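**Student:** Read in this note's numbering, the sequence shown has 137 at position 120, and its numbers run on one by one without any break.
Cβ atoms here follow ideal geometry from the backbone N, Cα and C, with glycine treated the same way.
Source: prediction; values computed, not measured.
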Amino acid sequence: MTMEIPFSELLEQLPKQFFASLVAKVGEKIKAGCDVINLGQGNPDQPTPKHIVEAMQRAAANPKYHKYSPFQGYFFLKEAIAAFYAREYGGNIDPDREVAILFGGKAGLVELPLCLVNPGDVVLVPDPGYPDYWSGIALARARMEMMPLVAENGFLPDYEAIPAAVADRAKLMFLNYPNNPTGATATKEFFAETVAFAAKYGIAVVHDFAYGAIGFDGRKPVSFLEVDGAKDVGVEIYTFSKTYNMAGWRVAFAVGNEQIIRALELLQDHLYVSLFGAIQEAAAAALLGPQDCVTELVALYEARRNAFIAALCEAGWEVQAPSGSFFAWLPLPKGISSAEFADMLLERAHVAVAPGIGFGEHGEGYVRVGLLTDEARLREAAERIGRLELFEKIFEK
18 MTMEIPFSEL
28 LEQLPKQFFA
38 SLVAKVGEKI
48 KAGCDVINLG
58 QGNPDQPTPK
68 HIVEAMQRAA
78 ANPKYHKYSP
88 FQGYFFLKEA
98 IAAFYAREYG
108 GNIDPDREVA
118 ILFGGKAGLV
128 ELPLCLVNPG
138 DVVLVPDPGY
148 PDYWSGIALA
158 RARMEMMPLV
168 AENGFLPDYE
178 AIPAAVADRA
188 KLMFLNYPNN
198 PTGATATKEF
208 FAETVAFAAK
218 YGIAVVHDFA
228 YGAIGFDGRK
238 PVSFLEVDGA
248 KDVGVEIYTF
258 SKTYNMAGWR
268 VAFAVGNEQI
278 IRALELLQDH
288 LYVSLFGAIQ
298 EAAAAALLGP
308 QDCVTELVAL
318 YEARRNAFIA
328 ALCEAGWEVQ
338 APSGSFFAWL
348 PLPKGISSAE
358 FADMLLERAH
368 VAVAPGIGFG
378 EHGEGYVRVG
388 LLTDEARLRE
398 AAERIGRLEL
408 FEKIFEK
């Protein structure tokens, strides 16, 4: 007989992966022969730029990289990261003390609660927000307090609405602009408020800058570290996944507060022996090489955004265009849940979207769309939605 091996309490308390069921539903439809336009996920659809791939290919042949990498990564990559921040944001980053190399942005986001909070401590989390913030908090056995993101406030948290008793107990706060799922962007004024709030209550700030390159209408997204005092209270996490279409390469970095960087590297010393050196060399080539690929990518997403939003409006669904990221956050009328609406679109229009409830309680009433297919397919998705009889009734066309 096979022995039954129970999971640990730690694994049992992890949040359920809401989107696993969405992936399964889409897979079933595709398997049944349906032409599904899948706008429900956030997986970049463009290839990694050629010069980055070629840098990796050359480096992979170097026997130096066939051995273990230094535990905390090669210093040449940390220097490239500091140079990148100086060029893009005017930041003064010490590559020796203020940079940690990560195994993808998700790894750093999950690791940080383990580094900075104890069981029972409070972590402030955006709602709606990226669900993997919850995973690290659960692993640390900490407690979440949600910061509602509502349209009336530009999908920014209202610090004055956070009770002092909650702020006093908070040890960590997650932010993310350009935002997943809302597509909202933040201002320097907001980040200055964040620094003041964090300093007042002794809260470490983690700004998830995953979509840092993707801003529209000629507006470059603001880095948290552009604000005076930001390094005193927090770090910013930047991934190569979106800017350089390197999602499968699993490389990212954290920059900022020296103590938080030291904590991250200490934990990672016990988990990994750094990244394959050839990936680190390719990452440095991405940061220091030609940036035309980034400009072209942002233009591609902006064209897709414009085409999709225009097609939805033509179909009778009045929605706002996102100011950043590669997502659109679409409001629903009252009377139908986000999960019901998403199921209806998949079943009747063969269009997959992500229900807002999967991003938190305040995500209800919305669905998220990824602009990760070509303009023609995005317009077709909007047209399919507009042809639905139930859609017409819901939106009272």
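1) How many angstroms separate the CA atom of I69 from the CA atom of L192?
2) Rounded to whole angstroms, what is the Cα-Cα separation between N170 and G265?
3) Bridge partners for M163 per DSSP, in chain order?
4) With distances taken from CA atoms, which of I402, R404, A398 is nearest I54?
5) Excluding five sequence neighbours on each side, which residues of the same chain lie with their C-beta closer than 6 angstroms to the C-beta of G108?
6) If you draw a straight line from the C-alpha of S355 to the C-alpha of V40, how long is it?
7) Kindly give me the distance between the Cβ atoms of L31 and S152, rounded to whole angstroms, as I take these residues to be in contact under 8 angstroms.
8) G375 to Q285, Cα distance in whole Å?
9) Under 8 angstroms by Cβ, that's how I've got P148 and F35 pegged, so tell me the actual separation to the nearest angstrom.
10) If you draw a straight line from the C-alpha of R75 to the C-alpha of Y85, how long is it?
11) Along the chain, where does the alpha helix (DSSP H) that runs through M18 open and close?
12) Which class does R432 belong to by DSSP, given the choice of helix, strand or coil?
13) Is the number of C-beta pairs between the stretch 138-148 and the stretch 306-322 that are closer than 8 angstroms three or more?
14) Who are the Cβ neighbours of V183 in its own chain at under 6 angstroms, not counting the five residues just before and after it?
15) Here's a check: name, in chain order, each residue in its chain whose Cβ is nearer than 7 angstroms to the Cβ of F207, leaving out the five neighbours to either side.
16) In or out: T420 buried (at least 16 other Cβ within 10 Å) or exposed?
17) From E392 to A324, what distance separates their C-alpha atoms?
18) Put N55 into one of helix, strand or coil per three-state DSSP.
19) Roughly how many angstroms separate the alpha carbons of L156 and M263, rounded to a whole number?
20) State the beta-bridge partners of T256 as determined by DSSP.
21) For P130 and G137, what's the separation of their Cα atoms in angstroms?
22) From this set, V311, W346, R385, which residue's C-alpha is nearest T65's C-alpha?
23) Taking contact to mean at least 3 C-beta pairs separated by less than 8 angstroms, is the stretch 281-300 in contact with the stretch 358-370?
24) With respect to the beta strand (DSSP E) encompassing I296, which residues constitute its N-terminal and C-terminal limits?
25) Between the Cα of Q58 and those of E400, D249, A371, spot the shortest distance and give me the residue it belongs to.
26) In chain order, what residues of the same chain lie with their CB nearer than 8 angstroms to the CB of P61, ignoring the 5 residues before and after it?
27) Any idea if A271 is buried or exposed, counting beta-carbon neighbours within 10 angstroms, 16 or more meaning buried?
28) Kindly provide the ranges of any beta strand (DSSP E) runs that are 3 or more residues long and lie completely inside the stretch 68-119, ordered along the chain.
29) Under the DSSP definition of a beta bridge, which residues are partnered with P372?
30) Can you tell me whether A327 is helix, strand or coil according to DSSP?
31) What's the gap between the Cα of K188 and the Cα of V134?
32) Which stretch, first to last residue, makes up the beta strand (DSSP E) that contains L192?
33) Helix, strand or coil: how does DSSP classify F358 here?
**Tutor:** Put simply:
1) Each residue's alpha carbon lies about 29 angstroms from the other.
2) When rounded, the distance between both Cα atoms is 35 angstroms.
3) Bridge partners of M163: V142.
4) Ranking the options by Cα distance to I54, first place goes to A398.
5) Y102, L242.
6) Cα-Cα distance, rounded: 16 angstroms.
7) Between L31 and S152 the beta-carbon gap is near 6 angstroms, inside 8 angstroms, which marks them as a contact.
8) Taking C-alpha positions only, G375 is separated from Q285 by approximately 29 angstroms.
9) About 6 angstroms separates the CB atoms of P148 and F35; that is less than 8 angstroms, so the two are in contact.
10) If you draw a straight line from the Cα of R75 to the Cα of Y85, it comes to about 18 angstroms.
11) From DSSP, M18 is part of no alpha helix (DSSP H); its letter is neither H nor E.
12) With the chain covering only 18 through 414, there is no way to say anything about residue 432.
13) Judged by Cβ distances under 8 angstroms, the stretch 138-148 makes no contact with the stretch 306-322, as fewer than three pairs qualify.
14) The beta carbon of V183 lies closer than 6 angstroms to those of E162 in the same chain, with the five residues before and after it left out.
15) L173, listed in sequence order.
16) The structure shown does not extend to residue 420, since the chain is modelled only from 18 through 414, so no value can be given for it.
17) Approximately 6 angstroms between the Cα atoms of the pair.
18) When DSSP states are grouped into helix, strand and coil, N55 belongs to the strand group.
19) Those two C-alpha atoms are separated by around 27 angstroms.
20) Partner(s): A269.
21) It is roughly 12 angstroms from the alpha-carbon of P130 to the alpha-carbon of G137.
22) Selected option, being the one with the closest Cα: V311.
23) Result no; under three Cβ-Cβ pairs closer than 8 angstroms.
24) From DSSP, I296 is part of no beta strand (DSSP E) but of the alpha helix (DSSP H) over 294-305.
25) Among E400, D249, A371, the Cα nearest to that of Q58 belongs to A371.
26) Counting only residues of its own chain and dropping the five nearest sequence neighbours on each side, P61 has a CB closer than 8 angstroms to the CB of S258, K259, N262, A264, F343, L389.
27) The residue in question, A271, is buried, as its Cβ has 16 or more Cβ neighbours within 10 Å.
28) The stretch 68-119 contains, as complete beta strand (DSSP E) runs of 3+ residues, the segments 116-119 (chain order).
29) P372 is bridged to V384.
30) A327: helix per DSSP, three-state reduction.
31) When rounded, the distance between both Cα atoms is 6 angstroms.
32) Here the beta strand (DSSP E) through L192 covers 187-192.
33) In the structure shown, F358 sits in a helix (DSSP, three-state: H, G or I).
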